[in-house]
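Take the sequence shown: its position 136, counting from 1, is numbered 795 in the numbering used here, and each next residue is one higher. All residues carry an ideal CB built from backbone N, CA and C; glycine is no exception. All of these numbers come straight from a predicted model, not from anything done at the bench.
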Amino acid sequence: MDRRRVWFLLIFCVAVGVSHVARGIEFRVEHEIYVGTKQTPSTRGVTLFRGDLVYDFLESPQEIMVFDLKAERVVLLNPARREMTELEFDTVDKLIAEMVTWASKQDDPYLQFLADPVFEMKTENDGATWIFDTRWLTYEFDTVEADSKETLTRYWTFSDLSAKVNPLLSPGSRPPLLRLEINKKLRSAKRLPVAVRLREKPKNLLDFLPRRPRTVFAKHQFSDSLSVADKERIRQVEEYRRIFRSVPFNEYLQSL
């Protein structure tokens, strides 16, 4: 399974707490993604929150995304090629709308489902576990109650943006409407996810092959402060933004 696709499937499932209006708040979240029965992570990453900026680092392939919530844009950086590009949030929404329109016109029932997802939802363990089941896949979340409205708002803002931007970076990615609908349900219930299990169901005969991974598990570790090393990474990213060559989005995609 492609590592960027794995990240795209699960990156929105990170439990964090931060006030949107408190510019001085800083915290970090580490991510580990496990595919199939592997005992070592297939993908690692870290997300650093600092005021109105969110710095999202993917280890392999090495990518950096900076979400500027005040300016309403995301900056994508490729350290290997020393290139960067920017997308306004409005542009991201338009590109996702085009993706949904395309999927809705396809004959493939899976694509039609992704353009208009329908799922069954249930909770277990006194509301701590949320399960979203569809014909094609099942998501299971371990959750905690958000401690404030501000925490809930800030987290899901970043979560929605991540779910929209990531599929734009991988050819063949699918519309993120299912993830966005799940986000809405958890947000309205004032829940934040701390772990997620994704089980993909067979879509064709190839999916029944014994070594084809069908499950993904994500775990997250977060803290309410940034380390000295975290702040140095942020400083380095800001230096990258100053010196990297700025290219159009389509040209940036060709270098991935």
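Please state whether the Cβ-Cβ distance between Phe778 and Thr793 is less than 7 Å.
Their beta carbons are under 7 Å apart, which means Phe778 touches Thr793 by this criterion.
Beta bridge counterpart(s) of Phe772 as assigned by DSSP:
Beta-bridge partners assigned by DSSP to Phe772: none are found.
Return helix, strand or coil for Phe671, following the three-state DSSP convention.
Because the pLDDT of Phe671 is 49, which lies under 50, any placement of that residue in the model is unreliable, and the number read from its coordinates should be weighed accordingly. Reduced to three states, the DSSP call for Phe671 is coil.
According to the neighbour-count rule (16 or more other Cβ atoms, all chains shown, within 10 Å of its Cβ), is Arg904 buried or exposed?
Exposed is the call here.
Can Arg846 and Glu859 be called in contact, C-beta distance under 7 Å?
Not in contact: Arg846 and Glu859 (Cβ atoms no closer than 7 Å).
Let me know the beta strand (DSSP E) ranges lying completely inside the region 695-752, each 3 residues or longer, listed in chain order.
The region 695-752 contains these whole beta strand (DSSP E) runs: 702-709, 712-717, 722-727, 732-737 and 742-747.
Starting from the Cα of Glu910, find the closest Cα among Met743, Asp715 and Arg732 and give me that residue.
Glu910 has its Cα closest to that of Met743, out of Met743, Asp715 and Arg732.
Under a Cβ-count criterion, where at least 16 other Cβ atoms within 10 Å of its own Cβ denotes burial, should Asp889 be classed as buried or exposed?
Looking at its Cβ environment, which holds 16 or more other Cβ atoms inside 10 Å, Asp889 is buried.
Are the C-beta atoms of Arg846 and some chain D residue less than 7 Å apart?
In the displayed structure, chain D is absent; only one protein chain is listed.
Using beta-carbon positions only, say whether Lys823 and Val751 come within less than 7 Å of one another.
Yes, Cβ-Cβ distance for Lys823 and Val751 is below 7 Å.
Taking 7 Å as the cut-off, decide whether the C-beta atoms of Pro834 and Ala762 are in contact.
Yes, they are a contact pair.
Just grab the DSSP bridge partners of Lys843 for me.
DSSP output for Lys843 lists no bridge partner at all.
Along the chain, where does the beta strand (DSSP E) containing Ile790 start, and where does it finish?
Where Ile790 is concerned, the enclosing beta strand (DSSP E) starts and stops at Thr788 to Asp792.
Should Thr802 go down as buried or exposed, given a rule of 16 or more other Cβ atoms within 10 Å for buried?
Flag for Thr802 reads buried.
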